[in-house]
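Visitor: Before anything else, here's the structure in question.
Residue numbers (our numbering): 200 to 315.
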């Protein structure tokens, strides 16, 4: 992943064949780490109704959607950076490390990555 170049999202007519991995983190607020990131590749033919920014969802909605995402995802991976890595690197670099690890944990290689 080092030295990876950013490319624009694929044109709309090719998105059904693309494997777009969405990556996001959680845990940047706490002082005691870790920072955790998840990467997921959803099947564009199997839309999940109600997906939105997790901060806008209730705990019950997040739980329901998490089950659906895991059931319908083409792939997902989890990565993290512990508090020692946060202290050594800084929170931004540790977050990027967690995201990189989440992407590397995917069982399939994405064609594009979208970072939140």
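Idealized CB from N, CA, C, for every residue including glycine.
Given that a residue counts as buried once 16 or more other Cβ atoms are within 10 Å of its Cβ, and exposed if not, what is residue 249?
Guide: exposed
Visitor: Assign residue 250 to one of three DSSP states: helix, strand, or coil.
Guide: For residue 250, the secondary structure class from DSSP, reduced to helix, strand or coil, is coil.
Visitor: Under the DSSP definition of a beta bridge, which residues are partnered with residue 241?
Guide: 272
Visitor: For the beta strand (DSSP E) containing residue 220, list its first residue and its last residue.
Guide: 219-225
Visitor: Just to confirm the assignment, what range does the beta strand (DSSP E) spanning residue 314 have?
Guide: 311-314
Visitor: What does the alpha-carbon distance come out to for the pair residue 277 and residue 227?
Guide: 15 angstroms
Visitor: Does the beta-carbon of residue 307 have 16 or more other beta-carbons within 10 angstroms, so that it is buried, or is it exposed?
Guide: exposed
Visitor: What does the alpha-carbon distance come out to for the pair residue 238 and residue 255?
Guide: 20 angstroms
Visitor: Could you tell me the alpha carbon to alpha carbon distance between residue 300 and residue 266, rounded to whole angstroms?
Guide: Answer to the nearest angstrom: the Cα atoms are 22 angstroms apart.
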